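**Student:**
Numbering (my numbering), first residue to last: 62 to 365.
1) Anyone know if the C-beta pair for residue 187 and residue 151 falls short of 8 Å?
2) Should residue 251 be labelled buried (16 or more other beta-carbon atoms within 10 Å of its own) or exposed?
3) In terms of residues, what are the limits of the beta strand (DSSP E) holding residue 212?
4) Measuring alpha carbon to alpha carbon, tell me which of 130, 200, 335, 161 ends up nearest residue 289.
5) By the 10 Å Cβ neighbour count, where 16 or more other Cβ atoms means buried, how is residue 195 classified, buried or exposed?
6) With H, G and I counted as helix, E and B as strand and the rest as coil, what does DSSP make of residue 301?
7) Which residue spans inside the segment 109-136 form an unbroken beta strand (DSSP E) run of at least 3?
8) Use the C-beta contact count for residue 137: other C-beta atoms within 10 angstroms, 16 or more gives buried, fewer gives exposed.
9) Please classify residue 130: is it buried, with 16 or more other beta-carbons within 10 angstroms of its beta-carbon, or exposed?
10) Taking 8 Å as the threshold, find out whether the segment 227-239 comes into contact with the segment 70-87 through three or more Cβ pairs.
11) Which residues share a DSSP beta bridge with residue 313?
12) Go ahead and label residue 366 buried or exposed: buried means 16 or more other beta carbons lie within 10 angstroms of its beta carbon, across all protein chains shown.
13) Mapping DSSP to helix, strand and coil, what is residue 278?
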């Protein structure tokens with residue numbers, strides 16, 4: 062059963078086409094990753110799913126309902142965490158958690174206390190006194206405390222330290238085990254790769270790939286490092302081998318996924334002492350699609 066079904070979704074901002082006939086189908090109990098750089102169309106898609114933005118064309122069905130016309134009913138069944146959290150400055154973190162939790166029909170106090178301890182949040186402080194990371198914790202706890210069918214996270218770990226990122230990942234895995242559906246939009250590729258069953262890559266308002274990580278890894282090459290008894294020769298002539306570097310009995314190269322078997326069989330004739338195979342990561346998928354654009358964005362982030 063599809064919790065979210067999007068068909069040929071199109072959205073314009075003036076003459077600019079922000080979304081160009083995108084299609085998504087997210088199954089019940091699935092953790093689904095939605096990735097792409099800033100401006101690709103992720104947030105626009107999420108706002109339409111949440112009923113915050115009207116579509117121009119296409120079909121959007123959320124838990125069997127229209128998110129624009131049935132927003133109030135749907136929001137009782139879903140929890141949303143935005144990437145940029147704005148809270149009421151004069152309320153405490155605990156008051157915000159209680160308010161948002163009650164809007165979704167209530168919650169168990171034991172669950173609230175458990176999450177406060179796990180995320181190490183002081184709920185008595187006013188939101189105006191919180192750091193970016195603590196404001197994010199308030200939003201996460203307010204979502205996770207609710208027993209809903211669908212959780213939508215848009216860059217949920219912005220401002221969190223690595224320990225808290227790990228706590229968030231544990232919570233997502235627990236939700237999945239409980240049969241909940243999660244839509245996760247993130248630029249932290251390791252986060253998406255660790256949590257998601259399937260992923261869609263969006264670029265310039267178009268979905269360019271959708272599938273499991275196994276499905277998508279055919280787009281990249283596996284890295285092989287090998288030490289042999291005899292020097293390897295002829296590696297550069299093998300089909301599917303890229304960027305070979307051979308130094309006597311040590312070699313490093315990349316190989317297309319469909320050519321791994323014949324390449325490994327070729328290498329064994331030289332007597333293998335050790336072999337390290339590193340599968341492609343989601344980050345490599347990004348680099349393949351965005352190239353210099355993605356690398357430049359990462360460099361800018363590291364300099365900030």
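The C-beta atom is built at its ideal place from N, Cα and C for all residues, glycine as well.
A quick note: this is a predicted structure, and the numbers were derived from the prediction, not measured.
**Tutor:** Quick answer:
1) Locating residue 187 in the chain shown gives position 126, where the first residue counts as 1. Locating residue 151 in the chain shown gives position 90, where the first residue counts as 1. Yes. Within cutoff.
2) Counting from 1 along the chain shown, the entry for residue 251 is found at position 190. It counts as exposed.
3) For this step, residue 212 is matched to residue 151 along the chain shown. From DSSP, the beta strand (DSSP E) with residue 212 extends over 211-215.
4) For the purposes of this step, residue 289 is taken as residue 228 along the chain shown, with counting starting at 1. Answer by Cα proximity: 335.
5) Working through the chain shown from its first residue, we reach residue 195 at position 134. Result: buried.
6) The residue given as residue 301 occupies position 240 in the chain shown. Of the three classes helix, strand and coil, the one that applies to residue 301 here is coil, per DSSP.
7) 118-123
8) For this step, residue 137 is matched to residue 76 along the chain shown. Flag for residue 137 reads exposed.
9) Position 69 of the chain shown, counted from the start, is the residue given in the question as residue 130. Residue 130 comes out exposed.
10) no
11) Numbered from its first residue, the chain shown carries residue 313 at position 252. According to DSSP, residue 313 bridges with 286, 306.
12) Here the chain has residues from 62 to 365 only, and residue 366 is not among them.
13) By 1-based counting over the chain shown, the position of residue 278 is 217. It is helical.
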